[in-house]
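Worksheet: one structure, shown below.
In the working numbering, the protein residues as written are 1180 to 1971.
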């Protein structure tokens, strides 16, 4: 069943060309540039200072990464680093330095097939890649350029299938790539590695001998290699272990092939900078390799009778048990070592475990995915999108570590970090900040629904940060003012930069002073309530409650006219950090309403009657003020400040109402107004933007033109589009919601070739911003909405 290529997923031939290529070289209009000129100057000064300090800016707008239109399902579980794999078979985009990406394609990392007939003559040998031979004569003895039209790729994260049809010899090969990622599992899912199962089908009339060879070179700082054998519990693996040093962190690659009665495994030495002739000629002459040498090449050979199928199993793991961040001093221990150990033998244990358990992984993956895949009420594109966008959980610069014993002793027994450690993922590959909270707010449905203990780990980390201060002076680039890095009684923007010491040095974001951002505290409140609804944890609300009250009382200070509704500060004081909000705003106002309602509900649960009464009264006033100041009969105005965007139709205008309705049935605002507002968003922001085929633009004017008043008002944000789709479904507008998400997914994956590289933002034409971004994980909120709408 698992070997069969699934009906659903992202499917392309290996010769696929995308109809449109985009870059990140967007230049806004003159008025916008003029309004941002001081920010631009300060940013350039900050960037030069970073380069002088030999570090990268946390948001690098100079050394940008344009999409490469090549990526597929990445290799690896959660939290141990990842290795990207292109849909044409490239090993690429290495995230082995914690939180840092290297966009390299390792030419020598390839699979080769050798076919010998019943007379023991080699009749076919080819690299299983449509790419041409590398430059400068490297591996020039190998035969490259596999016919791309005869190979196809299917991605359904965390698995991928590549089929090669060698018609002239009646052989079909299917490479099944499996990584151990599935819900409610914290052991297997932490394993840094993957399994490749090659199913060899012989459609000819004679027995054929087929060898699949796996070539793997070490990392750029490889120091040595050694062969290994594992023979345990009827599982025999022959392989190679390559020792590397990566950013001063010791890391070993271990890869092997399973030996059985039908599969013989040999290996040999390998020079990836040479012509490759010794390896190539040995395979062609014998169908196998010469002996047990210190090397990085494995050949697995099997005889396949006419009309039958045989499997060849390879495993590839990497073992970096301890690491320091780029300029950090603390030695962190990866979470997977809890189960597999941290000594040098752990990589072999993981190889054995992976080969022994990958069939169980596939069963778990299928049990998780099949209810969605077999649901005839869901469109085919959705069955690809909902799983493939989850790639970022593992490939988002993700780190997952133990706490040391001293740290554990300082925590109460109810703290989930004692058992499940610390978890962090980047805002994006180019926005190098861990657990960026305003963005995680959207993405967190994935963790809350599937790995709830990791979501709780993040929440406890931010809970502890509420009362922390950091008096280090920070230059804020938007205002040019100086201030503290972290103030008391507020949620930080992020938990740190991997080029510093995350968890210890928090708030690495340099643009604004986030102390007075109006969304961060509210998003913590909403997540606390959402997690209470989604996750069974008897202690959670009690542990969060003191900080909830501190934050809500702090937020009350933002109500400047005592009408119950908070006001924005006249600068970009929320996740739209280049889009100013003045007075009461729909975005932050709706978050405030949602947080008020959540606080009232949580107060009931914890038995704090005085707090319940206090904030219930504020909620009653705030609802009236929100309606009076923003409702215009069709939608809620962007804000009440009278500025250039005040009448803009904001796609995300009812963000707080959406979030609350993912959790409960409370109708804070008149239901008919909410439905009408979301219909307006669909009519204008979706349908009037590129004919509804590219998601929801952030801002649209009532005359049907895109709001060009800021950089971000004219962008389509992937995660926000998925949030809008989810909200439409919750309002009973299922088809409209699915159409909204479909347009975005199709654009990203099929038009501009950014699959497994989903950007933060798309412009109407030619440009994108911020590749491989966290917020796209918000797609899982659509699944939450679909599930919730079925229950009604």
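Idealized CB from N, CA, C, for every residue including glycine.
Which residue from the options puts its Cα closest to that of residue i?
i, options, result
"residue 1860", "1743, 1712, 1904", "1904"
"residue 1320", "1458, 1377, 1431, 1185", "1458"
"residue 1480", "1291, 1278, 1611", "1291"
"residue 1359", "1337, 1345, 1350", "1337"
"residue 1238", "1632, 1305, 1675", "1675"
"residue 1874", "1361, 1513, 1831", "1831"
"residue 1390", "1654, 1483, 1970", "1483"
"residue 1570", "1954, 1666, 1896", "1954"
"residue 1466", "1486, 1443, 1455", "1443"
"residue 1534", "1514, 1567, 1505, 1491", "1491"
"residue 1641", "1537, 1603, 1609, 1624", "1603"
"residue 1235", "1245, 1510, 1843, 1279", "1279"
"residue 1952", "1510, 1449, 1576, 1311", "1576"
"residue 1294", "1345, 1211, 1330, 1734", "1345"
"residue 1698", "1624, 1834, 1646", "1834"
"residue 1434", "1413, 1538, 1374, 1937", "1374"
"residue 1246", "1937, 1789, 1404, 1639", "1937"
"residue 1714", "1436, 1626, 1353", "1626"
Please report how far the alpha carbon of residue i lies from the alpha carbon of residue j, in whole angstroms.
i, j, result
"residue 1501", "residue 1255", "17 Å"
"residue 1887", "residue 1762", "21 Å"
"residue 1754", "residue 1902", "14 Å"
"residue 1557", "residue 1959", "14 Å"
"residue 1673", "residue 1687", "7 Å"
"residue 1932", "residue 1802", "44 Å"
"residue 1970", "residue 1339", "32 Å"
"residue 1622", "residue 1567", "14 Å"
"residue 1824", "residue 1644", "34 Å"
"residue 1605", "residue 1249", "21 Å"
"residue 1272", "residue 1708", "37 Å"
"residue 1506", "residue 1231", "15 Å"
"residue 1657", "residue 1561", "39 Å"
"residue 1367", "residue 1632", "15 Å"
"residue 1421", "residue 1257", "22 Å"
"residue 1416", "residue 1532", "11 Å"
"residue 1208", "residue 1738", "34 Å"
"residue 1476", "residue 1497", "16 Å"
"residue 1407", "residue 1701", "54 Å"
"residue 1329", "residue 1478", "23 Å"
"residue 1486", "residue 1296", "14 Å"
"residue 1430", "residue 1939", "32 Å"
"residue 1193", "residue 1592", "52 Å"
"residue 1787", "residue 1750", "35 Å"
"residue 1573", "residue 1678", "19 Å"
"residue 1285", "residue 1409", "27 Å"
Does the ligand NAP have even one heavy atom less than 7 Å from the beta-carbon of residue i?
i, result
"residue 1852", "The model on display carries no ligand, and the ligand NAP is accordingly not part of it."
What residues match up with residue i in a beta bridge as DSSP calls it?
i, result
"residue 1483", "1387"
"residue 1908", "Answer is none; residue 1908 lacks a bridge partner."
"residue 1643", "According to DSSP, which records beta bridges pairwise, residue 1643 is partnered with nothing at all."
"residue 1841", "According to DSSP, which records beta bridges pairwise, residue 1841 is partnered with nothing at all."
"residue 1376", "1355, 1492"
"residue 1879", "1828, 1885"
"residue 1332", "1191, 1341"
"residue 1531", "Its beta-bridge partners do not exist; DSSP assigns none."
"residue 1602", "1579"
"residue 1434", "1419, 1495"
"residue 1663", "1652"
With 8 Å set as the bound, which would you pick, yes or no: does the beta-carbon of residue i sit closer than that to a beta-carbon of chain B?
i, result
"residue 1670", "Reference to chain B is not applicable here, since this structure consists of a single protein chain."
Report back the beta-carbon spacing between residue i and residue j to the nearest angstrom; my notes put them in contact at under 8 Å.
i, j, result
"residue 1609", "residue 1950", "6 Å"
"residue 1928", "residue 1934", "4 Å"
"residue 1649", "residue 1660", "At roughly 16 Å, the Cβ-Cβ gap does not stay under 8 Å, so residue 1649 and residue 1660 are not in contact."
"residue 1889", "residue 1211", "7 Å"
"residue 1963", "residue 1843", "Contact doesn't hold; Cβ gap of about 13 Å is too wide."
"residue 1694", "residue 1731", "Wrong, their Cβ atoms sit about 16 Å apart, outside the cutoff."
"residue 1298", "residue 1451", "Going by Cβ atoms, the distance from residue 1298 to residue 1451 rounds to 33 Å, so no, they are not a contact pair."
*Taking 8 Å as the threshold, find out whether the stretch 1854–1864 comes into contact with the stretch 1522–1532 through three or more Cβ pairs.*
With the cut-off at 8 Å, the stretch 1854–1864 and the stretch 1522–1532 do not touch.
*If we count Cβ pairs, one from each stretch, closer than 8 Å, do we get three or more for the stretch 1724–1743 versus the stretch 1656–1674?*
yes
*Flag this pair as touching only if the stretch 1938–1951 and the stretch 1197–1208 have three or more C-beta atom pairs under 8 Å; answer yes or no.*
yes
*Any 3 or more C-beta pairs closer than 8 Å across the stretch 1678–1695 and the stretch 1703–1723*: no
_Is it the case that the stretch 1314–1328 contacts the stretch 1379–1386, given that we only count it when at least three CB pairs across the two stretches are under 8 Å?_
no
*Contact between the stretch 1548–1555 and the stretch 1878–1886: three or more CB pairs below 8 Å?*
Judged by Cβ distances under 8 Å, the stretch 1548–1555 makes no contact with the stretch 1878–1886, as fewer than three pairs qualify.
_Check whether the stretch 1763–1779 and the stretch 1810–1817 touch, using three or more Cβ-Cβ pairs below 8 Å as the test._
With a cut-off of 8 Å on Cβ pairs, the stretch 1763–1779 is in contact with the stretch 1810–1817, counting three or more such pairs.
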